[in-house]
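Right, one structure below, let's go through it.
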Amino acid sequence: MNKIVENKKLSENVVKMVFEAPVIAQKRKAGQFIVLKIDEKGERIPLTIVDSDAQKGTLTIIYQIVGKTTAKLSQMKAGDSLQDVQGPLGNPTEIENFGRVVCVGGGVGVGVVYPLIVALKKAGNEVISIIGSRTKDLLILEKEIGENSDRLIVTTDDGSYGVHGFVSAVLQEMIDKGEKIDHVFAIGPVPMMRVICDVTKPHGIKTVVSLNSIMVDATGMCGACRVSVGGKTKFTCVDGPEFDGHEVDFKLLSDRLKTYCESEREAYEKHRCGCDGN
Amino acid sequence: MKNIGVDVMETKETKEKKEKVPRQKMPEQDPKKRIQNFEEVPFGYTEETAIIEAKRCIQCKKPACIAGCPVDVKIPEFIKEIAEGNFIESAKVLKETNSLPAVCGRVCPQEDQCEKTCILGKKGEPVAIGRLERFAADYERKSGKVSVPAVAKSNGKKVAIAGAGPSGLTIAGDLAKLGYDVTIFEALHKSGGVLVYGIPEFRLPKAIVEAEVEGLRNLGVKIETNYVIGRTKTIDELFEEGFQAVFIGVGAGAPVFMNIPGENLIGIYSANEYLTRSNLMKAYRFPEYDTPIVRGKRVAVIGGGNVAMDSVRTALRLGAERAMIIYRRTEVEMPARKEEVHHAQEEGVEFLMLTAPVEYIGNKDGWVTGMKCLKMELGEPDASGRRSPKPIKGSEYVIDVDTVVVAVGTVANPIVPATTKGLEVNKWGYIVAKDESGLTSREGIYAGGDIVTGAATVILAMGAGRKAANAIHEYLSKK
Ligand SMILES: Cc1cc2nc3c(=O)[nH]c(=O)nc-3n(C[C@H](O)[C@H](O)[C@H](O)COP(=O)(O)OP(=O)(O)OC[C@H]3O[C@@H](n4cnc5c(N)ncnc54)[C@H](O)[C@@H]3O)c2cc1C
Ligand code: FES
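Those protein sequence lines, which keep their order, are chains Z and B. Our numbering puts the first residue of the first sequence at 30, with every later residue one more than the last. Our numbering puts the first residue of the second sequence at 284, with every later residue one more than the last.
Okay, here's the thing in structure tokens:
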């Protein structure tokens, strides 16, 4: 059982949760994730660890309300408990002093890229962060990321805040201007990561992406999370979650992410109308 | 009829009398009905049939059956108790050597073990040892009079166990009884290993496994679930925390795919994923339970072992109209238990023998729609005597499918070896044990079950747990 300390909406559909998980809090490194299961009948879902406090023994996660499980999660209150939390899982990000690094985050991926920004900064990099959202109200962690970056550029798709347009356009412009970029991290929706990779590939700029495959056990036992990287099948949970973006088959990833779309809609509908009894 | 103490060498007369009693059948759910539910297929013996069956045992003085049992269950002794109506006593005898009799009575391949060597089997049918084992264990559990074994006084020595499968559960029980302070670290949120995530409810009700795990807790065993050794903590960190010995029983959990084109299309599962979704996560009760599963109409399961049978029978219960076993050899070579093959046939599973997939075909959304197969023929026996399948040229054809389950085996999961310095593994990644004790290349670290042998059986994993328990006891007694 893991007690929830805080469960706070950052925007209309993005929530930050802090809960107790002392052993994991001590151990986790940037880029790793947990699997959580709310209750007896719950499903196992992977979520990146955004932050941790070894002293208090807590972990922070940021999630978007997209289906039944995340909706249920968002209704929980401080003092409630999560039945199961497993981790830390996956390989930590390979953090070095690359030089000048651009970190791109989109949507809820901004939460995932945040710990990397912190770790990269600590390792001595010059960190330029580009974060984007559909509209101003959905933007998260602007302040925290600003504090940990040498430069921060914010974009919104509708132009309600910051630069009007996509994060990829900002990166493209930087490259076109001849700015030196040694390394890129891109985390967000699949289409965003794909476009960022398309932008950096012609220039040979190493681009690392973090994949959000469907998972079950998250220890390499089932293969639910398989992706194709450089033509080879890899398991995101144990071989990743980060991969060389230029090698990832994004079409396969986005197809496989749709496997349960219909079932999930059904479950979410039943949950919303209260027909499933929980 | 009294048959206690009668040896094999009996008079002709009594022998004939005995053979008149046939091996007792276990009533089962009707195949048409049972494919619509996940409840257990056989109902088990009644007290009357159990006694009749038990009395078929001729109580050999030198019982061949025991030699066939990997953990030396005192077979004639427990059967004698049933014959005399002492069901609780019988369970006690069983538990002296087998900590999970309700499980083994259901899933052991008795036809290759104790029942194979039963003297009665030479001329007629062997005693139904497995069914009797199951009966006695169930009787005890249902009676609520489960005996709690004697536990020695605590010796304060801490032993850690990685993995709560049959090997881990067995060693935990044995060491707890000897007075050790035992903690099991299990990666998943539930204990039982393959017993909870792999073997389906209709073959092994999960309540039975839960009762066994509860029994361990009553012995004082601590169980930490959601604890991945190698990730949450490494084995070396466990030693630093004061554990004096570690047993690794993490199973052979990594799925094997065939590396043929299209294998990552949607609707293609490893058996591990398919069964884990259905059993551990209870996807068959979606949306009451939150985990979904693809309910295919035309399901092909690749492979011929128990795992393939469990998968194909699960597919039927999830609503498949056509559930197929695709196997590259013939039925004779299929490694699955005869009983399971028989059950699958009764339920309407199609067996496509001498067939091997070579490619999957998908639609534009990435869903599998077809499976290109080759027909095979069996060649001359190779050095090992097995006739290996050879493709027939030009025999390609396509089978329409919307779900595929790949059940062609598992390999070792590398997490523990990769994070434990100096732990020797063989070329397939399985942990090397020096001898039967399970001792690895590192002092104080023992291993057993599928992670040493490769995918095997519940009873062999339990046997390995037991032997390692003795070895650890010896090792720590000297310390
Ligand atoms: C579908 C299926 C059907 C089968 N049917 C039969 C049958 O009818 N009869 C029979 O005798 N045998 C059967 N078997 C084989 C049998 O189940 C196995 O041989 C047996 O369970 C092996 O036991 P084990 O203790 O070695 O490992 P497992 O049962 O595999 O248990 C290992 C446990 O370790 C955990 N683990 C893994 N990695 C870690 C880690 N890093 N840290 C902590 N925990 C970890 C796993 O989650 C798991 O719970 C079947 C197997 C399958 C898959
Ligand atoms: S989630 Fe099961 S192998 Fe990755």
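Ideal Cβ placement from N, Cα and C applies to all residues, glycine included.
Discussion item. I'd like the span of the beta strand (DSSP E) that includes residue 644 (chain B), first residue to last.
Written reply: Within the second sequence, the letter at position 361 stands for residue 644 (chain B). From DSSP, the beta strand (DSSP E) with residue 644 (chain B) extends over 638-645.
In chain Z, which residues lie with their C-beta within 8 Å of the C-beta of residue 511 (chain B)?
Mapped onto the second sequence, residue 511 (chain B) falls at position 228. The answer, in chain order, is 115, 116, 118, 248.
Practice item. Go ahead and pull the three-state DSSP assignment for residue 662 (chain B). Key: On the second sequence, residue 662 (chain B) is found 379 positions in, with the first residue counted as 1. If DSSP states are grouped into helix, strand and coil, residue 662 (chain B) belongs with the strands.
Could you compute how far the alpha carbon of residue 492 (chain B) sits from the alpha carbon of residue 388 (chain B)?
As a working mapping, residue 492 (chain B) is identified with position 209 in the second sequence. As a working mapping, residue 388 (chain B) is identified with position 105 in the second sequence. Whole-angstrom Cα-Cα distance: 13 Å.
Say the cut is 8 Å; is the CB of residue 555 (chain B) nearer than that to a heavy atom of ligand 1?
Taking the second sequence and counting its residues from 1, the one referred to as residue 555 (chain B) is at position 272. Yes, since a heavy atom of ligand 1 falls inside the 8 Å radius drawn around the Cβ of residue 555 (chain B).
Note to self: ligand 1 and residue 533 (chain B): does the residue's C-beta get closer than 8 Å to at least one heavy atom of that ligand?
What the structure shows: Reading the second sequence from its first residue, position 250 is the one you call residue 533 (chain B). Yes - ligand 1 has a heavy atom lying nearer than 8 Å to the Cβ of residue 533 (chain B).
- Message: Let me check you understand the geometry: is the CB of residue 513 (chain B) closer than 8 Å to at least one non-hydrogen atom of ligand 1?
- Response: Locating residue 513 (chain B) in the second sequence gives position 230, counting from the first residue. Result yes, Cβ under 8 Å from ligand 1.
**Item:** Shell residues, 7 Å Cβ cut-off relative to heavy atoms of ligand 2
**Value:** Z:244, Z:245, Z:246, Z:247, Z:248, Z:249, Z:250, Z:251, Z:252, Z:253, Z:254, Z:264, Z:265, Z:266, Z:267, B:556
### Task
List the DSSP bridge partners of residue 261 (chain Z).
Taking the first sequence and counting its residues from 1, one reaches residue 261 (chain Z) at position 232. Z:258.
Practice prompt. Tell me whether residue 643 (chain B) counts as near ligand 1, meaning its Cβ is closer than 8 Å to at least one heavy atom of that ligand.
Written response: Within the second sequence, residue 643 (chain B) is the residue found at index 360, counting from 1. No, ligand 1 has no heavy atom inside 8 Å of this Cβ.
Nearest chain Z C-beta to residue 471 (chain B) closer than 9 Å, yes or no? Within the second sequence, numbered from 1, the residue matching residue 471 (chain B) stands at position 188. So, interface residue.
Query raised in the report: Count the other CB atoms within 10 Å of the CB of residue 284 (chain Z); is the residue buried (16 or more) or exposed (fewer)?
Result: Locating residue 284 (chain Z) in the first sequence gives position 255, counting from the first residue. By the neighbour-count rule (16 or more Cβ atoms within 10 Å), residue 284 (chain Z) is buried.
Exercise for review: List the DSSP bridge partners of residue 653 (chain B).
Suggested key: What you label residue 653 (chain B) is simply residue 370 of the second sequence in a count that begins at 1. Beta-bridge pairing links residue 653 (chain B) to B:644, B:683.
Keeping to the same chain, check which residues put their C-beta closer than 6 Å to that of residue 307 (chain Z); ignore five residues upstream and five downstream. Position 278 of the first sequence holds residue 307 (chain Z). Interpretation of residue 307 (chain Z) is limited by its pLDDT of 45, a score under 50 that renders its predicted location unreliable; no figure is taken from the coordinates.
#### Entry: Backbone secondary structure at residue 117 (chain Z) - three-state DSSP
Translated into positions along the first sequence, residue 117 (chain Z) becomes position 88. Strand.
| said: Using the Cβ count rule (16 or more neighbours within 10 Å means buried), how would you classify residue 358 (chain B)? | reply: In the second sequence, the residue the question calls residue 358 (chain B) occupies position 75. Under this definition residue 358 (chain B) is a buried residue.
message = Can you look up residue 493 (chain B) in the DSSP assignment and give me helix, strand or coil?
response = Taking the first residue of the second sequence as 1, we reach residue 493 (chain B) at position 210. Helix at residue 493 (chain B).
Practice prompt. Can you give me the start and stop residues for the alpha helix (DSSP H) that residue 236 (chain Z) sits inside?
Written response: Within the first sequence, residue 236 (chain Z) is the residue found at index 207, counting from 1. Residue 236 (chain Z) -> not in any alpha helix (DSSP H); beta strand (DSSP E) instead, spanning 236-239.
- Task: Go ahead and label residue 437 (chain B) buried or exposed: buried means 16 or more other beta carbons lie within 10 angstroms of its beta carbon, across all protein chains shown.
- Result: Taking the first residue of the second sequence as 1, we reach residue 437 (chain B) at position 154. So residue 437 (chain B) counts as exposed.
Quick one: list the residues of chain Z neighbouring residue 648 (chain B), beta-carbon separation under 9 Å, in chain order.
Position 365 of the second sequence, counted from the start, is the residue given in the question as residue 648 (chain B). Ordered by position in chain Z, the residues that pass the 9 Å Cβ test against residue 648 (chain B) are 284, 287.
Three or more C-beta pairs under 8 Å: does that hold for the region 725-732 of chain B against the region 527-536 of chain B?
yes
_Along the region 531-546 of chain B, where does the CB come closer than 8 Å to a CB of chain Z? Name the residues._
536, 537, 538, 540, 542, 546
Taking the continuous alpha helix (DSSP H) assigned at residue 600 (chain B), which residues delimit it?
Locating residue 600 (chain B) in the second sequence gives position 317, where the first residue counts as 1. Start and end: 589-600.
message: Please report whether the beta-carbon of residue 696 (chain B) lies at a distance below 9 Å from any beta-carbon of chain Z.
response: On the second sequence, position 413 is the one that residue 696 (chain B) refers to. Judged by the 9 Å Cβ criterion, residue 696 (chain B) is in contact with chain Z.
Practice task
Kindly give me the distance between the Cβ atoms of residue 707 (chain B) and residue 724 (chain B), rounded to whole angstroms, as I take these residues to be in contact under 8 Å.
Solution key: Start at 1 with the first residue of the second sequence, and residue 707 (chain B) comes out as number 424. Start at 1 with the first residue of the second sequence, and residue 724 (chain B) comes out as number 441. That belief holds up - the Cβ atoms of residue 707 (chain B) and residue 724 (chain B) are roughly 4 Å apart, short of 8 Å.
Next on the checklist: 9 Å is my cut-off, CB to CB: does residue 148 (chain Z) come that close to chain B?
Outcome noted: Residue 148 (chain Z) sits at position 119 when you count from the first residue of the first sequence. No, its Cβ sits nowhere closer than 9 Å to a Cβ of chain B.
Q. At what residues does the beta strand (DSSP E) containing residue 132 (chain Z) begin and finish?
A. Counted from its first residue, the first sequence places residue 132 (chain Z) at position 103. 129-135 is the span of the beta strand (DSSP E), which, as asked, contains residue 132 (chain Z).
- What's the gap between the Cα of residue 51 (chain Z) and the Cα of residue 363 (chain B)? Sequence index remark: in the first sequence, residue 51 (chain Z) carries index 22 (1-based). Sequence index remark: in the second sequence, residue 363 (chain B) carries index 80 (1-based). In a straight line, the C-alpha of residue 51 (chain Z) is about 53 Å away from that of residue 363 (chain B).
Next item on the list: Return helix, strand or coil for residue 628 (chain B), following the three-state DSSP convention.
Entry: Counting from 1 along the second sequence, the entry for residue 628 (chain B) is found at position 345. If DSSP states are grouped into helix, strand and coil, residue 628 (chain B) belongs with the helices.
What's the gap between the Cα of residue 537 (chain B) and the Cα of residue 713 (chain B)?
Within the second sequence, numbered from 1, the residue matching residue 537 (chain B) stands at position 254. Within the second sequence, numbered from 1, the residue matching residue 713 (chain B) stands at position 430. Taking the straight line from one Cα to the other gives about 11 Å.
- prompt: Can you find a heavy atom of ligand 1 that lies under 8 Å from the Cβ of residue 701 (chain B)?
  reply: Position 418 of the second sequence holds residue 701 (chain B). The answer is no for residue 701 (chain B).
Q) Any heavy atom of ligand 1 within a distance shorter than 8 Å of the CB on residue 485 (chain B)? A) Counting from 1 along the second sequence, the entry for residue 485 (chain B) is found at position 202. Result no, Cβ not under 8 Å from ligand 1.
With distances taken from CA atoms, which of Z:45, Z:42, Z:62, Z:98 is nearest residue 572 (chain B)?
Numbered from its first residue, the second sequence carries residue 572 (chain B) at position 289. Checking every option, the nearest Cα to that of residue 572 (chain B) belongs to Z:98.
- Are the CB atoms of residue 688 (chain B) and residue 591 (chain B) nearer to each other than 9 Å? On the second sequence, position 405 is the one that residue 688 (chain B) refers to. On the second sequence, position 308 is the one that residue 591 (chain B) refers to. Yes, Cβ-Cβ distance for residue 688 (chain B) and residue 591 (chain B) is below 9 Å.
Inset, instruction - With DSSP as the reference, label residue 396 (chain B) as helix, strand or coil. - result: Here residue 396 (chain B) refers to the residue found at position 113 when the second sequence is read from its first residue. Note: residue 396 (chain B) maps to coil in three-state DSSP.
- prompt: Does the beta carbon of residue 575 (chain B) sit closer than 9 Å to a beta carbon anywhere in chain Z?
  reply: Position 292 of the second sequence, counted from the first residue, corresponds to residue 575 (chain B). Yes, residue 575 (chain B) lies at the interface with chain Z (some Cβ there is under 9 Å from its Cβ).
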